[in-house]
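A quick write-up on the structure given underneath.
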Amino acid sequence: MSKIKIHDKVFESYLSEQEIDAAISRVADQINHKYRGKQPVFLGVLNGCFYFAADLLKKIDVECEISFVKVASYQGTQSTGNVRQLLGLDQKLKGRHVIILEDIVDTGNTIESVVDTLSNMGAESISIATLLYKEEMYEKDIPIDYIALSIKSDFVVGYGLDYDGFGRNLNEIYVLSEVQNIKDYDNMLNIVLFGPPGAGKGTQAAKLKEKFNLVHLSTGDILREEIKQDTPLGQEAKGFMDKGELVPDEVVINMIGNCLNQNKGAAGFIFDGFPRTTEQARALDNLLQQHKTEIDLMLSLEVDDEELVDRIIQRGRESGREDDKNESVIYNRILTYNKKTAPLKTYFGDQGKYNSIDGVGTIEEIFDRLVETINR
Ligand code: AP5
Ligand code: MG
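Count the sequence shown with the working numbering and you get residues 255 to 630, in order.
Written out as structure tokens, the structure reads:
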């Protein structure tokens, strides 16, 4: 489900372009049927109606006139309360069939004031067509003749409707999300690239990084660099890595914390080989929350053990990686993965983020599978 942020609020997809289009087509059919030969005047109520008016009127094939008004609202005296005034009405309505176009009808206050004003202008008939109708909130007796979509009393935005001035240009309708503040919804793309040793995490991460402009964080690569530089961290990690064991959680968690701090403003991250334990997964969630973001999805490359061992032995001939050279170390890496890391599939599954990807095939084929899942 796609989410967006407008000002301080998170909204999620609610009505798609297709649903809106189909509903408007239904209303257009009804109007075309009823008003043939009657030359109606369509009166759009700005600002919110502009998308609805444009898309509806493209589907209207009866001869008609089109005009727009705006409702100005100001605080009147105590006795008059909130006064609404109709601005911009330059259309003669005497003897005409008027169809008012609204983006949304909720309490009905606006529509009531529009109808009140128009009813003194000698129109032959006045009817109302609205894109959205909040039945639960409607307080008036005026019938709403054409309703494209009925919705609950939630706050919606998009397709002409705004939240504090913004969001009108969205092509679909979004509703205020129940989950606020988890993520900044700032278009970051954060991926956990998951899989056993030799599954192709590093290979695919290099390609995904290019395609989506992401920062690639491989804890294995960072640790090997520390070993190469002979840092205290590298010295500590080497013993574990050479045996195919996991480096202690706090070491890698600190490393990732530093990397996130060094890459503020990144378009997103690919986490390759991290998290590898539940402890690390929880720590990653917390770290990302501090950065006002979260993991979007976990992509798990599935490759059978035989193929894994073949690939790693093959690479071990050229790579110089200590842990690729010895078959028993390779088996221990796979064993450690199955015991400590594979359970994270459930962890991410519980968050609705787990995606299993067939990791056997050409590098391009697998890349296409990953991209398709990311874009879904
Ligand atoms: P790490 O460096 O992460 O190694 P790994 O998980 O064992 O995985 P690899 O890097 O070997 O494989 P990969 O999935 O990246 O596959 P690749 O693309 O290279 O970790 C090393 C060690 O560091 C750990 O054992 C641990 O000690 C420590 N460590 C790291 N992170 C840690 C953490 N978070 N917590 C604790 N300890 C941590 O591909 C493999 C080979 O296959 C390549 O030769 C490639 O060319 C080939 N290949 C790729 N795709 C295909 C394909 N489609 N068909 C045929 N061949 C392919
Ligand atoms: Mg790797």
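Where a beta carbon is used, it is the ideal one built from N, C-alpha and C, also for glycine.
Leaving out five residues before and five after residue i in sequence, what residues of the same chain have Cβ atoms less than 6 angstroms from its Cβ?
i           : result
residue 470 : 459, 463 and 524
residue 402 : 277, 278, 281 and 385
residue 466 : 443
residue 304 : 414
residue 407 : 388, 390 and 391
residue 420 : 260
residue 377 : 347, 350 and 352
Which term fits residue i, buried or exposed, when burial requires 16 or more other beta carbons within 10 angstroms of its beta carbon?
i           : result
residue 444 : buried
residue 379 : exposed
residue 482 : exposed
residue 389 : exposed
residue 438 : A caution first: residue 438 carries a pLDDT of 49, below 50, which makes its placement in the model too unreliable to give a value.
residue 522 : buried
residue 370 : exposed
residue 360 : buried
Whole angstroms is fine: what's the gap from residue i's alpha carbon to residue j's?
i           : j           : result
residue 274 : residue 528 : 42 angstroms
residue 436 : residue 543 : Below a pLDDT of 50, predicted positions are generally treated as unreliable, and residue 436, at 48, falls in that range; the measurement from the model is reported next regardless. If you take the alpha carbons of residue 436 and residue 543, they lie about 7 angstroms apart.
residue 583 : residue 619 : 29 angstroms
residue 577 : residue 591 : 14 angstroms
residue 397 : residue 357 : 16 angstroms
residue 564 : residue 507 : 31 angstroms
residue 259 : residue 571 : 50 angstroms
residue 492 : residue 454 : 22 angstroms
residue 316 : residue 296 : 11 angstroms
residue 558 : residue 456 : 17 angstroms
residue 351 : residue 309 : 20 angstroms
residue 320 : residue 366 : 21 angstroms
residue 475 : residue 574 : 13 angstroms
Any heavy atom of the ligand MG closer than 7 angstroms to the CB of residue i?
i           : result
residue 449 : no
residue 455 : yes
residue 573 : no
residue 578 : no
residue 472 : yes
residue 527 : yes
Is residue i near the ligand ATP, going by C-beta to nearest heavy atom under 7 angstroms?
i           : result
residue 361 : The model on display carries the ligand AP5 and the ligand MG but not the ligand ATP.
Quick check: does the Cβ of residue i come within less than 7 angstroms of any heavy atom belonging to the ligand AP5?
i           : result
residue 500 : yes
residue 484 : no
residue 534 : yes
residue 475 : yes
residue 617 : yes
residue 568 : yes
residue 252 : This structure cannot settle anything about residue 252, because the visible part of the chain is limited to 255 through 630.
residue 445 : no
residue 422 : no
residue 405 : no
residue 506 : yes
residue 522 : no
If I measure Cβ to Cβ from residue i and keep anything under 7 angstroms in the same chain, skipping five residues before and after, which residues do I get?
i           : result
residue 601 : 532 and 535
residue 541 : 510, 511 and 514
Quick one: what's got a C-beta closer than 8 angstroms to residue i's C-beta in the same chain, skipping five residues either side?
i           : result
residue 302 : 356, 357, 358, 414, 415, 416 and 422
So residue i and residue j are in contact, right, with Cβ under 8 angstroms, and what is the actual spacing, rounded?
i           : j           : result
residue 449 : residue 613 : 6 angstroms
residue 608 : residue 594 : Incorrect: roughly 17 angstroms between the Cβ atoms, too far for contact.
residue 447 : residue 526 : 5 angstroms
residue 383 : residue 427 : The Cβ separation is near 17 angstroms, so there is no contact.
residue 324 : residue 431 : Not quite, the Cβ-Cβ distance comes to about 30 angstroms (not below 8 angstroms), so this is no contact.
residue 340 : residue 322 : Actually they do not touch by this definition, with Cβ atoms about 11 angstroms apart.
residue 223 : residue 530 : Outside the shown range of the chain (255 to 630) lies residue 223, about which nothing can therefore be said.
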